[in-house]
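Numbering (the working numbering), first residue to last: 46 to 154. Quick reminder that beta carbons are idealized off the backbone N, C-alpha and C, glycines included.
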């Protein structure tokens with residue numbers, strides 16, 4: 046999978062995960078696939094370094110993956126931490142993105 050800046054790649058992965066979840070539920074295979082993806086994302090960004098905005102973007106994507114697999118508590122925990130971080134660096138755009146995603150997930154709970 047290409048870098049996280051490639052929105053299409055992330056959206057494709059997220060859609061694939063959502064489809065598998067619809068068919069199988071949260072199977073061990075799906076959990077393993079998600080964990081491999083998260084590990085690869087962290088490895089790639091720790092290896093090359095990242096800005097605060099990139100770190101927040103990574104967390105937003107992970108929260109979305111948890112959201113499409115109905116792991117709402119995990120998603121909510123990540124988003125709560127990310128909101129505090131985005132607010133702390135005074136990035137109103139990212140705070141709004143987090144708020145919007147929180148609202149979206151809260152509506153599904």
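>> Can you check which of these residues, 81, 115, 100, is closest to residue 143 by C-alpha distance?
In response: Nearest option by C-alpha distance: 100.
>> Closer than 7 Å to a non-hydrogen atom of the ligand FAD - does that hold for the CB of residue 148?
In response: Summarising the ligand content, the structure contains no ligands, and the ligand FAD is consequently not present.
> Roughly how many angstroms lie between the CA atoms of residue 70 and residue 82, to the nearest whole one?
Replying inline: Going by the C-alpha atoms only, they are around 18 Å apart.
> In terms of residue numbering, what span does the alpha helix (DSSP H) encompassing residue 119 cover?
Replying inline: Per DSSP, residue 119 belongs to the alpha helix (DSSP H) from 117-133.
>> If contact is defined by three or more beta carbon pairs under 8 Å, each pair taking one atom from either stretch, is the segment 131-147 in contact with the segment 103-110?
In response: Two segments are said to touch when three or more pairs of C-beta atoms, one from each, lie closer than 8 Å; by this definition the segment 103-110 touches the segment 131-147.
>> Which same chain residues end up closer than 8 Å to residue 98 when comparing Cβ atoms and leaving out the 5 residues on each side of it in sequence?
In response: The beta carbon of residue 98 sits closer than 8 Å to the beta carbons of 136, 139 from its chain, once the five residues preceding and following it are set aside; these are given in chain order.
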